[in-house]
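Please read the structure below before turning to the comments.
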Amino acid sequence: MKKSYEFLFSAFCVLLNFGCARTPALSPAISPGKTGTVVFKPPGYLRGDRNTHAKRVIIFIHGVFGDGTSTWQNHASGAYFPALVAADETFAGADIWVHQFDTPKLRQSYTIDELADHLRRYLNNDNVVANHDEIIFVAHSMGGLVARAYLLKYREMPPERVRMMYFFSTPTTGSDVASLARLISDNPQLSDMRKMTTDDAGVLGVWEAQWSSSPYAKTTLSYCAYELLPTMGTIVVQRESARHLCNTRPDPIARNHIDIVKPRDGDDESYVAFRQAYRDTFEQHASTPVWNLLRQDRSLLQVRNVTQTPYCEYSCWSDAVIVAPGDVVRFAAYYHNVGIVTAKDARLSIR
């Protein structure tokens, strides 16, 4: 019984100190390392704007009791995670968009399902989805649940466009701290994150089942990092909860739940883990073989990568496809001769 009271006290301390208690108040001016000072206020673009059409966009989503600025800023060095990304050549060409929403410690607010609607409104307002071909989510804690809820609720986004997601300490099966903190707080986000059990699976159980049976579980690369150090004496999100539903290798990070998304610089292990996941996703594929036609050729053979797009029957057939080792590829041979060239002029190039 004494141990239960001690844990409840620890959960209460985490609740009161959660988020950015040790981080000084931020002004709208955020330093992105060596590139100078950028005036920025989330939700919105740190790089790009609603009229840009970059191929890729990286979306940052904070967690419970956090915000779009202090969640990602290191209190010692002042480094800001999205700004470090903006200054890194690895991510050149990708727009950066940071979300922010209301998540009070004690009073009533949005449920996680309602936060998915909130995310949709702001993404649409800034043309984040409409203007980019490839989407990358970087989420801290509850932010990962918001991202998954959004994708499951609004499935008009093809899974092959969501190339990767990186979850930092996301409580996919819930958290004991949230289970206890909800007894103190009226914020329904804590109730949504209570520990999932057979008798009380809650919304986490619904999302687990839906995600497992969705094409995102197979097509989208989901990377997970879990905390190794306690926050106020307590591990907020346990390893098994943080790793659940991820389909790549996990990253153990020697940080607590709050500091895991506050890299001090580009050599911090949290930042290195995300950058390596990004490279694994994009740079590895860039060097794999490609089936393609020469520019002057007419289409004789169309291909589809069944492994990467198992649920896409029509729009995924094309003249070029990325092929990784072990992928299953289907071919459709045809040629529509309209009299402009003879059949012998239709050549197929495999390179």
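Just add 709 to the spot in the sequence shown (first one is 1) and you have our numbering. We put the CB at the ideal spot given by N, CA and C, even for glycine. On a predicted model such as this, the values are computed, not experimentally measured, just so you know.
- Residue 1037 is classed as exposed because its beta carbon has fewer than 16 other beta carbons within 10 Å across all chains shown.
- Relative to residue 974, the option among 767, 784 and 756 whose CA is nearest is 784.
- Counting C-beta atoms within 10 angstroms of its own C-beta, residue 891 has 16 or more neighbours from the protein chains shown and is therefore classed as buried.
- The beta carbons of residue 987 and residue 800 sit about 7 Å from each other, so the pair counts as a contact at 8 Å.
- Here residue 950 is buried. Its C-beta has 16 or more other C-beta atoms within 10 Å.
- Between residue 821 and residue 898, the beta carbon gap of about 6 Å places them in contact (Cβ cut-off 8 Å).
- Cβ neighbours of residue 883 within its own chain (closer than 8 Å, five residues either side excluded): 902, 903, 904, 905, 911, 913 and 950.
- Going by C-alpha positions, residue 844 is about 31 Å away from residue 886.
- Excluding sequence positions up to five before and after residue 873, its CB lies within less than 6 Å of the CB of 845, 930 and 990, all in the same chain and listed in chain order.
- Around residue 859, the same chain offers 825, 828 and 829 as residues with beta carbons nearer than 7 Å, after the five sequence neighbours per side are excluded.
- The residue among 940, 802, 983 and 823 with its C-alpha nearest the C-alpha of residue 757 is 802.
- Separation of residue 1012 and residue 880 (C-alpha to C-alpha, rounded to the nearest whole angstrom) is 39 Å.
- Between residue 753 and residue 807 a beta carbon distance of about 7 Å is seen, short of the 8 Å cut, so the two are scored as contacting.
- Boundaries of the beta strand (DSSP E) harbouring residue 871: 871-877, taken from the DSSP string.
- Linking residue 766 to residue 814 through their CA atoms gives a straight-line distance of about 30 Å.
- Residue 763 places its beta carbon less than 8 Å from that of residue 841.
- The alpha carbon of residue 833 has as its nearest neighbour, out of 853, 850 and 866, the alpha carbon of 866.
- The shortest C-alpha to C-alpha distance from residue 870 to any of 907, 946, 861 and 928 is the one to 928.
- With distances taken between CA atoms, residue 854 lies nearest to 919 out of 908, 761 and 919.
- Cβ-Cβ separation between residue 948 and residue 797: approximately 28 Å, too far for a contact (criterion under 8 Å).
- Counting only residues of its own chain and dropping the five nearest sequence neighbours on each side, residue 877 has a CB closer than 6 Å to the CB of 849, 934, 969 and 970.
- Under the three-state reduction of DSSP output, residue 962 falls in the strand class.
- Counting only the Cα atoms, residue 1040 lies some 50 Å from residue 938.
- Per DSSP, reduced to three states, the secondary structure at residue 857 is helical.
- Just so you know, the alpha carbons of residue 959 and residue 936 end up roughly 11 Å apart.
- Check the Cα spacing between residue 962 and each of 1033, 978 and 953: the tightest is with 978.
- Its chain contains 891 as the residues whose beta carbon lies nearer than 6 Å to that of residue 900, once the 5 sequence neighbours on both sides are disregarded; these appear in chain order.
- In the DSSP assignment, residue 847 falls within the unbroken beta strand (DSSP E) covering 843-849.
- For residue 792, the enclosing alpha helix (DSSP H) covers residues 790-795.
- When DSSP states are grouped into helix, strand and coil, residue 1040 belongs to the strand group.
- Across the set 1015, 794 and 856, the C-alpha of 856 shows the shortest separation from the C-alpha of residue 916.
- In the three-state reduction of the DSSP assignment, residue 865 falls in the coil class.
- With respect to the 8 Å criterion, residue 809 and residue 771 are classified as neighbours on the basis of their beta carbons.
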